[in-house]
Each structure stands twice: as C-alpha cells, then as structure tokens.
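Last residue of the sequence shown: number 351 in our numbering, and the count goes up by one each step with no gaps. C-beta: ideal position from N, C-alpha, C; glycine also. Being a predicted model, the structure only gives us computed values, none of them experimental. To start, the structure itself, in structure tokens.
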Amino acid sequence: MLLLAPLTPTGNRTCLELLASTTPPGEANVAAVTYTPPPETWISDWKAHIDELPAELAFIHANTVDTEDEETSGIPPGVSVSRVDPNQPMDIIAPLSERLTRWKGNGNRTLVSVQTLTILLEYVDFDTAFRYLHILTHRVQAADAIGFYHMDPDIHDEETINTLKSLFDAVVEVSDDGESWSVTETYGDQSATSEHAQSHDTDVSVPDSETGLVASIRDSLSGVLSGPSDSQPSEVAAEGATAESDDSDAGDSDEEPSPDSGVEGLPEEAMLTDEDRIRELLTQYGGRMKQADVTEETDWSKSTVSRKLSKMEEKGLITRVQVGRGNLVFLSGYEPETAKSPFEQGGTD
C-alpha cells in the first residue's frame, strides 16, 4: 500500500494512523524501516498519537550516522533495531526476512512500514530503488503481511510516482493538511476508488474507534485487505525501470518481451542484476550458502559464479570462508566471528 502524504509531522501522523487502522496494536507485529527519524522518535510519535505499542515491534534503521547508547534509551526492552547502510537498500531484506520468519504463526497480523521512499530515492537511483521495492513487496506478500510505503508526492515527478504505483495493491492519497484523502485499489484488473473528506482531531489516539478518520480508512481498505488471495500487485512499470545484466549467461525466460514493452511481462529474475540475484538467494538461505549451491541455483558456470562472488567480495557485500574443499558464502553482516578480522571483532587481549 503506497501512502502519498507530505513529508511533515501531519504526514508522519497519517502514516502511523493508517498502520494502526488495519489492526489493533495488541494484535499486530510491526516491522518499521526508518531513515532520517531514528527508532526512538518513531516510538515517541506512536505513543503520542496511538498510545499502545504493537505486540511485537522491530526496526531496520537505514542511516549512516552512528548512534550512541544514550540515543537508544527510548527503545523499550524486547524491541530490536538492525542498522544498515541506506546506500545499500538490499541490506534491508535480510534482517526484515528474518523478523518476518520469526513472527510467522504467532497469531498476530504482521505489518511492514517503510518511512519513507522519498529518503530512499535520495540515496539510490530510481532503477536500484525499483528493483529493491520489487523484491521487498514480494517478500512482504510471501509472508502474508501488509506493507505500507510512504512517499511525498510533492517532491517527485508524476512519472516516478506512477511507475512506483504499479508495485502496490492500493494507493492512499492524503492532502497537506491531512483532512482529505482517497483510496484507490490498483491490483489486478480492479479500478475502484473511494474518496472521503473529513475533519478530524489532529490527536486521534484510539485506533479501533468506530468514528472519525481511522474507522473510515479501515472501512475503505477492508476490500483491499481482504481481497482475493490470488491477487498480485501489478508489475507493470514505465520504460527505463529495467536493469542491465553484466553477463549473457544469466538464464533465459520462456517469453521474450518486445523491445518497447519496458519491464512488462518480464519474470522477477529479469528485473534483478546478477548481484541482486545472489543476495536474494543468500537471503532465502538465511544469509549463507555453499558456493556450489549458488552455481546450482543460478545455472551459471563455476567460473562465472566465482568471478561474480569475487567482485561482490571486493565490494564488501559478501564474505567467503573455505570449508573443506568448498566455500561458504556469507551475506554481509552474517559472517561467523571467526571470519572477521581482529579489527572488526573489536578490542584485543
């Protein structure tokens, strides 16, 4: 679900209210991907507008600024925080996947909040962001979770917004003052729009209230949230959102798209770079796998896999550890302690 709202306190409040409108906090698992505002600010805002924290809460914070211990004092016990480089959005997938897997079957509804795509696009180019979001939305969907992705429509051009809309099941648009909004379902062949304009207290604090903005949002989204189980987000994007592969032996698809079709009709693998495919594989295997399994899964030759992994290792994206006659490949951040240098392990005897 794409939320088009201003990058202001009003827009931030709307993000939280929309999140809380779908599921009572006591019955929700929430994984929040944050950029500029740190997790403790997110928690403070949530308490101010929603009050009760979600039953399960975890953060993936994408920011290059080091956070001191005192800055995390506002994070309650049991709330995890994973920190990643905002210039490497694919690094978000692994900790998020781990959290979604851990919550599976715990009886709560899982929600994923990304605040905000506007900041994401300041760190990476559009094609990289599109490939990342394509993978992320599919990962969220595979976990039977609901994703909420905030974006400020005033900062981006219409083409960028329309291209990203194709990745989502619904688009919620909110006015600058937060008093009017609309919900448009976009998945499959459906094209239903529900529009509302209401005045409401800026301090809505009861997410399960049957009156006001929160209840109206929930009512409008009920069709989307309980839509057909086989509904899939549209994967049609404007021309220019494709990724070039650096190898001709990356695999063939059953259908060859026309030159003018952009990414429409392409299989998911065709939208990824070779490095993205390897990182996706490693994520699926819990952050590590045998190099021989990479060869088997990709159908690339041994030499091709070795060359690609060497390039990724030089960039610090992976680590290879020799075990017996083969190598184990670790996604960055998943290396065993013995694979790290003394400087990375911190301190000496």
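Cβ-based neighbour list, residue i, same chain, cut-off 7 Å, excluding 5 preceding and 5 following
i	result
Y134	P91 and M92
P155	L6 and I163
V126	N89 and P91
E72	Low confidence applies here, because E72 scores a pLDDT of 41, under 50, leaving its location unreliable and the question unanswered by this model.
K313	none
For residue j and residue i, believed in contact at Cβ under 8 Å, the rounded distance
i	j	result
T112	N31	4 Å
D18	D53	Per the sequence presented here, residue 18 reads as Leu, with Asp not at that position. Incorrect: roughly 11 Å between the Cβ atoms, too far for contact.
F375	L5	Limits of the chain in this structure are 3 at one end and 351 at the other, which puts residue 375 out of reach.
L283	E298	10 Å between Cβ atoms; not a contact.
V174	M3	6 Å
G80	E42	Wrong, their Cβ atoms sit about 15 Å apart, outside the cutoff.
L102	A34	The Cβ separation is near 13 Å, so there is no contact.
Spatial neighbours of residue i in its chain, beta-carbon cut-off 6 Å, leaving aside the 5 residues before and after
i	result
P97	I62 and S84
L319	S334
N329	Q293 and R322
T285	I95, A96 and S99
A64	Y37, V86 and P88
S82	A60
K304	T297
T25	R111
E70	Because E70 sits at a pLDDT of 47, beneath the cut-off of 50, its placement in the model cannot be relied upon, and the point is left open.
Beta-ladder partner(s) of residue i, from DSSP
i	result
Q293	Answer by DSSP bridge pairing: none, since Q293 is not bridged.
F170	DSSP output for F170 lists no bridge partner at all.
L330	K292 and V323
N14	Looking at the DSSP assignment, N14 forms no beta bridge with any residue, so it has no partner.
H152	L5
R111	A30
F61	A34 and V83
Q117	T36
Pick from the options that is closest to residue i, judged by C-alpha positions
i	options	result
A38	R322, A172, E124 and F170	Contrary to the premise, residue 38 reads as Thr rather than Ala in this sequence. It is E124.
Q143	R290, D127, D178 and V114	V114
R15	F332, W44, E337 and A172	W44
T321	F332, F170, M153 and H136	F332
W302	Q324, V86, E277 and I157	E277
R141	K106, F128, I95 and E175	I95
L1	G80, M153 and Q286	Here the chain covers residues 3 to 351 and nothing more, so residue 1 does not appear.
L166	A64, T139, P79 and S177	T139
L21	Q117, S312 and E42	Q117
E315	V325, E337 and R327	E337
D171	T188, N164 and I157	T188
F132	S177, Q324 and E161	E161
L169	D295, I137 and D127	I137
L122	K106, S177, H158 and A60	H158
D2	P78, G288 and T275	Outside the displayed range of the chain (3 to 351) lies residue 2, so it cannot be described from this structure.
K106	A145, V126, P78 and D127	A145
H51	G289, S23 and P78	S23
R104	K49, K310 and G288	G288
Close Cβ partners of residue i (< 8 Å) along its chain, the five nearest in sequence each way excluded
i	result
A57	P27, G28, E29, A30, N31 and N110
T66	D87, P88 and N89
P261	Any reading at P261 is ruled out, since the residue's pLDDT is 37, under 50, leaving its predicted position unreliable.
S177	W183
8 Å Cβ cutoff, residue i in contact with chain D
i	result
E187	Absent from the structure: chain D. Only one protein chain is present.
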